[in-house]
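In case it helps, UniProt numbering puts the sequence shown at residues 1 to 431. C-beta: ideal position from N, C-alpha, C; glycine also. Predicted model, so just to flag it, every value in this text is computed and none were measured. Scroll down for the structure; my scribbles are underneath it.
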Amino acid sequence: MIDKAKSVALALLVVLSLVQSYFLAYSMPNLETQVKTEQDYIKTEELGPEEKVENLLFPESLVIHMGQDKHTVFYPNDTFYGMVLDKLSSREFKGFQRAEASAIDWEQVRRQDEGIEIRFGRDIPFPMLQRAFKGIDGEALLSEGAIDRIWIFARPDSGEVRSFFLNADGTEVYEAAQVDLTAQDVEQSVGFGQYWKPFSYWANGVYVPDQSLALSRVEVSFTKYTADQMQRNLFNDPTTTKMIQDSQDGAQIYADTKRGLKVEQAGGWLSFKDPVARAEGRDDPAENITSAVQFVNLHGGWNGTFSLAQAPGSTEADDTDPSIRFQQYYGDVPLLSAGEFRFGYMQLAVQQGVVSSYERSLLVLGDKVGTAQPYNLVSGNQLLVKIRQAAAGQQVESLFPAYRTTLAQDKLVLEPVWAIRTTSGEVRFAG
Numbered sequence: 001m002i003d004k005a006k007s008v009a010l011a012l013l014v015v016l017s018l019v020q021s022y023f024l025a026y027s028m029p030n031l032e033t034q035v036k037t038e039q040d041y042i043k044t045e046e047l048g049p050e051e052k053v054e055n056l057l058f059p060e061s062l063v064i065h066m067g068q069d070k071h072t073v074f075y076p077n078d079t080f081y082g083m084v085l086d087k088l089s090s091r092e093f094k095g096f097q098r099a100e101a102s103a104i105d106w107e108q109v110r111r112q113d114e115g116i117e118i119r120f121g122r123d124i125p126f127p128m129l130q131r132a133f134k135g136i137d138g139e140a141l142l143s144e145g146a147i148d149r150i151w152i153f154a155r156p157d158s159g160e161v162r163s164f165f166l167n168a169d170g171t172e173v174y175e176a177a178q179v180d181l182t183a184q185d186v187e188q189s190v191g192f193g194q195y196w197k198p199f200s201y202w203a204n205g206v207y208v209p210d211q212s213l214a215l216s217r218v219e220v221s222f223t224k225y226t227a228d229q230m231q232r233n234l235f236n237d238p239t240t241t242k243m244i245q246d247s248q249d250g251a252q253i254y255a256d257t258k259r260g261l262k263v264e265q266a267g268g269w270l271s272f273k274d275p276v277a278r279a280e281g282r283d284d285p286a287e288n289i290t291s292a293v294q295f296v297n298l299h300g301g302w303n304g305t306f307s308l309a310q311a312p313g314s315t316e317a318d319d320t321d322p323s324i325r326f327q328q329y330y331g332d333v334p335l336l337s338a339g340e341f342r343f344g345y346m347q348l349a350v351q352q353g354v355v356s357s358y359e360r361s362l363l364v365l366g367d368k369v370g371t372a373q374p375y376n377l378v379s380g381n382q383l384l385v386k387i388r389q390a391a392a393g394q395q396v397e398s399l400f401p402a403y404r405t406t407l408a409q410d411k412l413v414l415e416p417v418w419a420i421r422t423t424s425g426e427v428r429f430a431g
């Protein structure tokens, strides 16, 4: 009897040993810490594609000077824009020297010399510019500078090619002493201008078309990022947030102990705040732009084509964090909105690489609805009248074609218009 009991006990021990061996072989122990950190909650949902900084730095326009006071302007939606820009962005610019703006008769250059102005419409920090124009030599002289245009021209008498980098107010001018461009290269690029519409110089660097420009009125479908998607995307721990329904305008407001998220405009616009204490010291504009791009990459992505439209300042006296704006395009034409309807841009406040606010549209453009309707933008004196009316006494620094966007139930209507930007940075419609 005792021997039988021992045999049963031994059999049980063998079975238990086999079971234990099974679990040891096929069940991995949890070696991760059981203490959750803030980072454990960051699981951002991939909404839109990511983007690289250099792809957001394309010029607002190319002004082509053909000599004898003849000019034209290529905008991003024009075929010749890409052909000229591709040639110039791959060239080398070296041996930079600081120059005096007064040493060059710019009026004479504009009227007589064949050349190209690459206009960004905002000051771009040199470290950023080098990412778009890889042939620009990275010299210490330029590390703190910023420019809003590159002006390349060829002297008709000597065939000499000169290249200048200028900031918006003309206080910083640099010349690249070594450029791998010949007079024939400049002539070839300028030659495309004869196949395009003539523009006449008006004032303050603004050129007005002598002939009408053709665009099309378009209707486009759209989808939306939801408030719930953005709430999960922007809060470290969505389980700690509270949602409050604003009874006055129907906006949805999410908040935790620090951050706030507001979704308004019938779910079409987002405003996010993450207050940070202002730090002492000087901001690095290039760092702030990079941080803004990385933030959008992680939180919403780029639902379309965008360009850097406003670069941050770097003064210590600013009372608010430097603002960075990215302009949205459709068919390489900027999208603008008016009145209470906000659409067509992203805007972030960034200080020393830290984002404190984030605004953007939640609408994602889809396919065209119906047939596009041809439309001719006005030109000449008729356009000048509209420009003066829109400026209302302010100085105009830029004129460009755009789409004025309006919301019509389940679609967006894109109406071709001329737009102006004043020296204060305000954009207005000029008909």
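Presumed contact (8 Å Cβ cut-off) between residue i and residue j, rounded CB distance
i           : j      : result
GLY193      : MET66  : 5 Å
VAL378      : LYS386 : 7 Å
THR240      : ASP256 : 5 Å
ALA349      : SER323 : 6 Å
ARG388      : PHE429 : The pair is not a contact, with the Cβ atoms about 13 Å apart (cut-off 8 Å).
SER356      : ASP274 : 6 Å
LEU215      : VAL333 : 7 Å
ARG325      : ALA309 : 5 Å
GLY353      : ASN303 : Wrong, their Cβ atoms sit about 24 Å apart, outside the cutoff.
LEU407      : VAL220 : No, LEU407 and VAL220 are not in contact; Cβ-Cβ is about 11 Å, not under 8 Å.
residue 467 : PHE96  : As displayed, the chain neither begins before 1 nor continues past 431, which places residue 467 out of reach and without an answer.
Cβ neighbours of residue i in the same chain (closer than 7 Å, five flanking residues each side left out)
i      : result
SER90  : GLY135
ARG111 : ASP69
ALA183 : ALA154, GLY159 and VAL161
VAL264 : Looking at the sequence itself, residue 264 is Glu, so the reference to Val does not match. These residues qualify, in order along the chain: ASP249 and ALA251.
GLY268 : LYS224, SER361, LEU362 and LEU363
ASP113 : HIS65, GLY67, PHE153, ALA154, ARG155 and PRO156
Residues near residue i by beta carbon distance below 6 Å, same chain, minus five either side
i      : result
ILE152 : GLY115, ILE116 and SER163
ARG342 : TRP269
ASN376 : SER212 and ALA214
VAL293 : VAL53
TYR358 : PHE272 and LEU348
HIS71  : HIS65, PHE199 and TYR207
Own chain residues within Cβ distance below 8 Å of residue i, not counting five before or after
i      : result
ASP148 : ARG119, PHE120, GLY121, ARG122, ASP123, ILE124, LEU166, ASN167 and ALA168
ASP210 : LYS197, PRO198, PHE199, SER200, SER379 and GLY380
PHE23  : With a pLDDT of only 38 at PHE23, under the threshold of 50, the placement of this residue in the model should not be trusted; the figure read from the coordinates follows. Same-chain partners within the cutoff: there are none.
VAL186 : GLU114, GLY115, ILE116, ILE152, PHE153, ALA154 and VAL161
GLY366 : VAL220, SER221, PHE222 and THR223
Reference residue i, options the options, closest by Cα
i      : options                           : result
TYR174 : TRP202, ARG232, ALA103 and THR182 : ALA103
GLN328 : PRO322, GLY353 and GLY301         : GLY301
ARG217 : VAL427, GLU139, GLY267 and PRO416 : PRO416
LEU362 : TYR195, LYS368 and GLN347         : GLN347
PRO76  : LEU407, ALA390, LEU335 and PHE341 : LEU335
PHE133 : PHE295, ASP157 and LYS87          : LYS87
GLY170 : GLN352, PHE74 and ARG98           : ARG98
ASP78  : LEU62, VAL293 and ASN204          : LEU62
THR423 : ALA408, ASP410, SER398 and LYS411 : SER398
ALA203 : SER143, ILE150, PRO401 and ALA391 : ALA391
GLN351 : VAL276, ALA408 and GLY370         : VAL276
PHE126 : GLU60, ILE289, LEU365 and GLY145  : GLY145
GLY431 : VAL413, LEU383 and ARG421         : LEU383
GLU100 : LYS368, GLU172 and PHE80          : GLU172
VAL369 : GLY48, THR305 and GLN409          : GLN409
For residue i, the residue or residues it bridges with in DSSP
i           : result
LEU336      : ARG404
PRO127      : PRO127 pairs with nothing; no bridge assigned.
PRO416      : TYR403
PRO209      : PHE199
ASN77       : DSSP output for ASN77 lists no bridge partner at all.
residue 498 : Absent from the model: residue 498. The displayed extent of the chain is 1 to 431, so no value can be given.
TYR225      : The partner list for TYR225 (beta bridge, DSSP) is empty, contrary to what the question assumes.
THR305      : TYR329
PHE120      : Bridge partners of PHE120: none, in fact.
VAL218      : LEU414
DSSP state of residue i mapped onto helix, strand, coil
i      : result
TRP151 : strand
SER89  : helix
GLU107 : helix
GLN395 : coil
GLN351 : strand
TYR237 : Note on residue identity: the sequence assigns Asp, not Tyr, to residue 237. Three-state DSSP puts ASP237 in coil, outside helix and strand.
PRO275 : coil
GLN373 : strand
ALA99  : coil
THR422 : strand
THR182 : coil
GLU287 : helix
ALA177 : strand
PHE164 : strand
ARG259 : coil
VAL364 : strand
GLU280 : coil
LYS6   : Per-residue confidence for LYS6 stands at a pLDDT of 42, beneath the threshold of 50, marking its modelled position as unreliable; the derived number appears in the next sentence. Of the three classes helix, strand and coil, the one that applies to LYS6 here is helix, per DSSP.
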